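The next block holds one structure in the form of structure tokens; read it before the comments.
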Amino acid sequence: MQVPETPSSDDRSGPEAARLVHRSPAEHSPAEHSSTSTPPSRDDSWREGLKRVAYWTPVWVPMILFAHLAWLGLRPALSEAERLDDYAAVLDMREDTARSESVLVKAHLDARLDPVYQRRQERLRAQYHPHDVTRLPQAVAGELPAPR
Numbered sequence: 018m019q020v021p022e023t024p025s026s027d028d029r030s031g032p033e034a035a036r037l038v039h040r041s042p043a044e045h046s047p048a049e050h051s052s053t054s055t056p057p058s059r060d061d062s063w064r065e066g067l068k069r070v071a072y073w074t075p076v077w078v079p080m081i082l083f084a085h086l087a088w089l090g091l092r093p094a095l096s097e098a099e100r101l102d103d104y105a106a107v108l109d110m111r112e113d114t115a116r117s118e119s120v121l122v123k124a125h126l127d128a129r130l131d132p133v134y135q136r137r138q139e140r141l142r143a144q145y146h147p148h149d150v151t152r153l154p155q156a157v158a159g160e161l162p163a164p165r
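Residue numbers for the sequence shown follow this note's numbering, so the first one is 18 and each next one is one higher.
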């Protein structure tokens, strides 16, 4: 014996079933969605996050720039300035030494260009180096004093 099938309340057939299946999201009434809350989609959460970031951007950008200048710009600059100040003292001492040597070298150069000094040096060389070949003809000619 077969039991005849009775349509259940969930099975809808006919024009009402076709209307439910082919409805667009805009056709749904707000009352149908009020009982069930759907979680926001990923796109909505990204948009909300970007809105929050854009809202707080005027606060975070100056803070990040200040932190960058404080730790990566100002501190190294101050330490470099301190190092250069220490090195400036060393350079000042070197400059003083070089200037005094320059004065001494200039005095020697001026003396070497003086004709009296040059003549005196030639006589001294002839006295202390009598076997100098370049001075020998002058000593023989009597221009240089003979060694003692």
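Ideal Cβ placement from N, Cα and C applies to all residues, glycine included. Treat the numbers as computed from the prediction; the structure is a model and nothing was measured.
From the DSSP output, in three-state form, read off residue i for me.
{"i": "Ser-62", "result": "helix"}
{"i": "Asp-113", "result": "helix"}
{"i": "Asp-131", "result": "coil"}
Which same chain residues, not among the five before or five after residue i, have their C-beta less than 7 Å away from its C-beta?
{"i": "Leu-91", "result": "none"}
Let me know if residue i comes out buried or exposed under the rule of 16 or more other beta-carbons within 10 Å of its beta-carbon.
{"i": "Ala-143", "result": "buried"}
Beta-carbon within less than 6 Å of residue i's beta-carbon, same chain only, minus the 5 sequence neighbours each way: which residues are those?
{"i": "Tyr-134", "result": "Ala-128"}
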